[in-house]
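Its first residue numbered 253, the sequence shown is counted upward by one per residue in this note's numbering.
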Amino acid sequence: MQNIAVIRLIQGRLAWYPPGASEEPRWLDNETDREQLRATLDSRRVSPCFAVPGADVRLLPLSITADERKHIAKSLPFMLEEQVAADIDELQFAYQTLDKTHLSVAV
Numbered sequence: 253m254q255n256i257a258v259i260r261l262i263q264g265r266l267a268w269y270p271p272g273a274s275e276e277p278r279w280l281d282n283e284t285d286r287e288q289l290r291a292t293l294d295s296r297r298v299s300p301c302f303a304v305p306g307a308d309v310r311l312l313p314l315s316i317t318a319d320e321r322k323h324i325a326k327s328l329p330f331m332l333e334e335q336v337a338a339d340i341d342e343l344q345f346a347y348q349t350l351d352k353t354h355l356s357v358a359v
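Next comes the structure, spelled out in structure tokens:
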């Protein structure tokens with residue numbers, strides 16, 4: 253089983269659940285709490301997972317070339333600019349590689 257810290261927004265407050273956590277979230281309202289999350293991610297080799305309601309996410313397929321793949325982290329928002337009806341500076345982009353020339357992108 254992978255060690256994952258789930259981070260999510262709950263009624264306007266940012267919270268996280270450490271691996272193996274009970275039902276109660278740990279709130280990230282102050283710097284001390286945020287530092288505890290950073291330390292957990294660093295020391296325990298825990299991966300963050302951002303949970304977002306499905307209604308707030310748009311999934312897009314994207315075909316890329318080998319050259320585009322080299323710079324995908326920087327160029328991804330601009331590659332999808334025509335497909336989203338919002339300012340790309342106001343959006344978050346995450347992607348998963350499907351194969352050498354295809355990505356699945358969450359916006």
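For glycine and all other residues, C-beta sits at the position ideal for the given N, C-alpha and C.
Because the structure is a prediction, the values reported are computed rather than measured.
Per DSSP, the bridge partner or partners of His354: Taking the sequence shown and counting its residues from 1, one reaches residue 354 at position 102. Paired residues: Ser315, Asp351.
Apply the 10 Å Cβ neighbour rule to Ala267 and answer buried if 16 or more other Cβ atoms are within range, or exposed otherwise. The sequence position of residue 267 within the sequence shown is 15, counting from 1. Around the beta-carbon of Ala267, 16 or more other beta-carbon atoms lie within 10 Å, marking it buried.
In the DSSP assignment, find the unbroken beta strand (DSSP E) run with Phe302 in it and report its ends. Translated into positions along the sequence shown, residue 302 becomes position 50. Segment 299 to 303, the beta strand (DSSP E) holding Phe302.
Apart from the five residues just before and just after Val298, which ones in its own chain have a Cβ nearer than 8 Å to its Cβ? For the purposes of this step, residue 298 is taken as the residue at position 46 of the sequence shown. Once the five neighbours on either side are set aside, the close Cβ partners of Val298 are Asn255, Ile256, Ala257, Pro270, Pro271, Thr292.
How big is the Cα-Cα spacing for Met253 and Asp351? Along the sequence shown, read from residue 1 onward, the residue named residue 253 stands at position 1. Along the sequence shown, read from residue 1 onward, the residue named residue 351 stands at position 99. At Met253, the pLDDT of 48 sits below 50, so the modelled position is not reliable and the matter cannot be decided from this model.
Counting only the same chain and skipping the five closest in sequence on each side, list residues whose C-beta sits under 8 Å from that of Arg310. Along the sequence shown, read from residue 1 onward, the residue named residue 310 stands at position 58. Result list for Arg310: Val336, Ala358, Val359, in chain order.
Need the endpoints of the alpha helix (DSSP H) that Ile340 sits in, please. Within the sequence shown, numbered from 1, the residue matching residue 340 stands at position 88. Note, Ile340: premise wrong, no alpha helix (DSSP H); not H, not E.
Using 8 Å as the threshold, is the C-beta distance between Leu343 and Leu312 below it? Walking along the sequence shown from the start, residue 343 turns up at place 91. Walking along the sequence shown from the start, residue 312 turns up at place 60. When the beta-carbon positions are compared, Leu343 and Leu312 stay at least 8 Å from each other.
Once you ignore the five residues that flank Ile316 on each side, which residues in its own chain have a CB closer than 7 Å to its CB? Taking the sequence shown and counting its residues from 1, one reaches residue 316 at position 64. Non-local beta-carbon contacts of Ile316 in its own chain, meaning distances under 7 Å to residues more than five positions away in sequence, involve Ile324, Thr353, Leu355 in chain order.
Could you check which residue in Leu261, Ala273, Asp341 has the C-alpha nearest to that of Leu280? Here the question's residue 280 lines up with position 28 in the sequence shown. Of Leu261, Ala273, Asp341, the residue nearest in Cα terms is Leu261.
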